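Undergrad:
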Amino acid sequence: MSETALAASASLDFIREMIAADVAAGRNGGQVITRFPPEPNGYLHIGHAKSICLNFGLSQEYAPNSRCHLRFDDTNPTKEEVEYVESIMEDVKWLGFDWGNNLFYASDYFEKLYGFAVQLIEKGLAYVDDQTPEQIRETRGTLTAPGTASPFRDRSAAENKELFARMRAGEFKNGEKVLRAKIDMASPNMNLRDPVIYRIMQAHHHRTGDAWCIYPMYDYAHPLSDALEGITHSLCTLEFEHHRPLYEWLINSVDGLPGAPYQREFARLNLTYTVMSKRKLLRLVKDGLVHGWDDPRMPTISGIRRRGYTPAAIRAFCKAIGLTKYPSLTELNLLEHHVREDLNKHALRVYAVLKPIKVVLTNYPEGQVEHVEVPNNPENEADGKRQVPLSRELYIDAADFMETPVQGFHRLVPGGEVRLKYAFCIICQEVIKDAQGNIVELRCTYDDATRHGVKPVGRAKVKGTIHWVSAAQAADIEVRLYDKLFTVEQPDEQAGEDGDFTQFLNPGSLETVTAKIEPSILSAKPGSHYQFERVGYFFADPKDSQLGQPIFNRTVQLKDGFVLKK
RNA sequence: UACCCCGUGGUGUAAUGGUAACACAGGAGAUUUUGGAUCUCUUAUUCAAGGUUCGAAUCCUUGCGGGGUAGCCA
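Structural data, given as structure tokens:
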């Protein structure tokens, strides 16, 4: 066991406990070989990250007697595309994992898989069925009633072999024939009622082209692919629990397999305020309810990447949620906690005013510009300092001023005093409004004696410190304020069977503003993280930012100790 | 109303027959040129009933509750 595994051994989840016992018993020569096996039919989401962290994490924990394969489960050509293969590889790499040379495709095994099927036929464990899909469904029985045997169930091995060869040769149309495993039509487990293991599909495959017109089913291909690759532990989500007996049946029924893997299942990740099923995510994209798979509001890996979540934060989150068989619902704020925790250490600070109010310092010389020195990150002195321009006309955030303050508000109010961070204290002398009564300007005076953190003398203690931006030097920057995608914790649950989850979409999930930001922001590289002080973490959009004109996505808000009471 | 899996603070997990604990969330305070961060304190937990045992969250039984399963999808 490696050091990390040893360190974590204080409390292992049920899967790791099982694996530790296998290693201790010397099973598989102490090797731990796992795999992450996505079907390339869509984009990966945060739920997949849980599986990726488990499988690749295990491989790291047991190094060097371990490896984790990336295997594309591409057994259904009608749904799969190269585009997805590429995005999946990008996402796994971004999460910080490396499959090395261990990149595989189930389609690599089509020939071997065909051979195993012939072997099953010879053993009398598989047969060609001529029934229609409807007939197969009807004779499968129900949850409470056993199925009945197909009239073709007892064909001779020779006939089955010939028919199966003719299926491969393309002599039959889609749906005319299938190959079925011969197990038990009365099993209480539906998966054992002679499951279909090969179907005819006249379809172009993204890797094998037109070489095949019969394709193996997942239930057949998966255990055998695992065995062929020497996988020791095949870990999947709970909905495959009922497939395990079939998995084991195949491992035990096929001779000549190089490995003897076993399957274990764990609960998938559910997160509040989002949906995770591929179907629903597709709906959001297709109906234009979000701007694509990588919309920063999406729970896809590409979405959260663009939102500004970091790989380290995702990994920490996946570790924190644990691994059980309980179908839990994890709070979004746990994810956000880990995002803030990581970004707090690394994001450079900058002053940004999202919703500006102009402030004029009436006793500050006109035309004068000075520079104040501010730390780039108070959490890390090594990040250095920068110069921020300061002059007579400034912007502060609308949220930092209240004309008639509520209880507990200690920012700027008429006649009140606040500190401009790293500059000096100001007092609001006058509120200027337009004809409609909107505030257009605050006229304030500053106190030169309060520079460098010196407290004002002879007046009330200044409780508030706010950020600011010098008007003349401020850059106008597009900022996208993202919020929860849905207004309820479980949109699909709330919508019910026939309901439409999109009714719970948050109309305020995206607000775009033009912010006033200190000029240093213009050099922000696309794909870099910042903390807009007192506001939140923001990410320079890697797609839409121009060099010298970044566009920011709000990753997550800062925690705010001051919450307006309704 | 068949079979399988699962029930521990609000949420997620730990305790593997021997003091029910940790993180997030909530609350209070200290500190702070971010109402952030940090630090301290704090609220709150074994689905129910029986049984086994000196001792049960843990083992057994029953009940209740939740999830899953009838694709030629994965």
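Just remember that my numbering sits 245 ahead of the position in the first sequence, which is counted from 1. Ideal Cβ positions, reconstructed from N, Cα and C, are used throughout, including at glycine. No experiment lies behind these values; they were computed from the predicted model shown.
Considering only the alpha carbon of each residue, which of 760, 501, 768 and 587 lies closest to residue 364?
TA: Ranking 760, 501, 768 and 587 by Cα distance to residue 364 puts 501 first.
Undergrad: Could you check where the alpha helix (DSSP H) with residue 567 kicks off and where it finishes?
TA: Neither: residue 567 is in no alpha helix (DSSP H) and is coded neither H nor E.
Undergrad: Please report how far the alpha carbon of residue 247 lies from the alpha carbon of residue 795, in whole angstroms.
TA: Confidence is the limiting factor: at residue 247 the pLDDT is only 40, short of 50, which leaves the residue's position unreliable, though a coordinate-based value still follows. Cα to Cα, the separation comes out at about 44 Å.
Undergrad: What is the residue span of the beta strand (DSSP E) that residue 776 lies within?
TA: 774-777
Undergrad: Does residue 635 come out as helix, strand or coil in the three-state DSSP assignment?
TA: strand
Undergrad: Taking the alpha-carbon of residue 729 as reference, which of 681, 719 and 802 has the nearest alpha-carbon?
TA: 802
Undergrad: Which word fits residue 752, buried or exposed, when buried means at least 16 other C-beta atoms lie within 10 angstroms of its C-beta?
TA: exposed
Undergrad: Does the Cβ of residue 316 have 16 or more other Cβ atoms within 10 Å, making it buried, or fewer, making it exposed?
TA: buried
Undergrad: Only counting the same chain, and skipping five residues up and downstream in sequence, which positions put a Cβ closer than 8 Å to that of residue 437?
TA: Setting aside the 5 residues that flank it on each side, residue 437 is surrounded in the same chain by 428, 429, 490, 491 and 494, each with a C-beta closer than 8 Å to its C-beta; the list follows chain order.
Undergrad: Would you tell me roughly how many angstroms separate the C-alpha atoms of residue 277 and residue 776, rounded to the nearest one?
TA: So the two alpha carbons sit approximately 41 Å from each other.
Undergrad: Can you name the residues that DSSP bridges to residue 765?
TA: BP columns for residue 765 are empty, so no partner.
Undergrad: Residue 687 and residue 665 - do their beta-carbons sit closer together than 9 Å?
TA: Going by C-beta atoms, residue 665 is not nearer than 9 Å to residue 687.
Undergrad: If you run the structure through DSSP and keep just helix, strand and coil, what is residue 397?
TA: In the structure shown, residue 397 falls within a coil segment according to DSSP collapsed to helix, strand and coil.
Undergrad: Does residue 518 come out as helix, strand or coil in the three-state DSSP assignment?
TA: Residue 518 falls in the coil class under three-state DSSP.
Undergrad: For residue 541 and residue 798, which I take to be in contact (beta-carbon distance under 8 Å), what is that distance rounded to the nearest angstrom?
TA: 5 Å
Undergrad: Pull up the distance between the alpha-carbon of residue 536 and that of residue 599, whole angstroms please.
TA: 23 Å
Undergrad: Would you kindly report the start and end of the unbroken alpha helix (DSSP H) that includes residue 689?
TA: Run containing residue 689: none in the alpha helix (DSSP H); it sits in the beta strand (DSSP E), 684-692.
Undergrad: Near residue 701, what residues of its chain come up, given a Cβ to Cβ distance below 7 Å and the 5 sequence neighbours on each side ignored?
TA: 662, 670, 692, 695 and 707
Undergrad: For the pair the stretch 635-643 and the stretch 608-623, tell me if three or more CB-CB distances fall below 8 Å.
TA: yes
Undergrad: Per DSSP, which residues does residue 373 bridge with? Please list them.
TA: 424
Undergrad: What residues in its chain sit with their C-beta under 6 Å from that of residue 275, if we drop five residues either side in the sequence?
TA: 268 and 310
Undergrad: Quick check: the Cα distance between residue 773 and residue 619, rounded to an integer number of angstroms?
TA: A direct Cα-to-Cα measurement between residue 773 and residue 619 gives close to 20 Å.
Undergrad: Inspect the beta-carbon positions of residue 314 and residue 486 and report whether they are closer than 9 Å.
TA: no
Undergrad: From this set, 325, 617, 684 and 483, which residue's C-alpha is nearest residue 698's C-alpha?
TA: 617
Undergrad: Taking the alpha carbon of residue 461 as the reference point, which residue from 589, 746 and 355 has its own alpha carbon closest?
TA: Comparing alpha-carbon positions, the option among 589, 746 and 355 lying closest to residue 461 turns out to be 355.
Undergrad: Just to confirm, is the Cβ distance from residue 551 to residue 788 under 9 Å?
TA: yes
Undergrad: Would you check if the distance between the CB atom of residue 349 and the CB atom of residue 498 is smaller than 9 Å?
TA: no
Undergrad: So residue 289 packs on residue 333, CB below 8 Å; how close in whole Å?
TA: Your pair residue 289 and residue 333 checks out as a contact, with CB atoms roughly 6 Å apart and the cut at 8 Å.
Undergrad: Classify residue 757 as helix, strand or coil using the three-state DSSP reduction.
TA: Here residue 757 sits in strand by DSSP.
Undergrad: In whole angstroms, what separates the C-alpha of residue 543 from that of residue 523?
TA: 11 Å
Undergrad: Thinking just about the alpha-carbon of each residue, which of 591, 806 and 601 is nearest to the one in residue 626?
TA: It is 591.
Undergrad: In terms of residues, what are the limits of the alpha helix (DSSP H) holding residue 472?
TA: 463-474
Undergrad: Can you give me the start and stop residues for the alpha helix (DSSP H) that residue 609 sits inside?
TA: Neither: residue 609 is in no alpha helix (DSSP H) and is coded neither H nor E.
Undergrad: Would a C-beta distance cut-off of 9 Å place residue 569 and residue 296 closer than the cut-off?
TA: Not in contact: residue 569 and residue 296 (Cβ atoms no closer than 9 Å).
Undergrad: Does the pairing of the stretch 437-448 with the stretch 412-425 give three or more beta-carbon distances under 8 Å?
TA: Yes: at least three Cβ pairs fall under 8 Å.
Undergrad: Assuming residue 722 is part of the beta strand (DSSP E), what are its boundary residues?
TA: Run containing residue 722: 720-727, per the beta strand (DSSP E) assignment.
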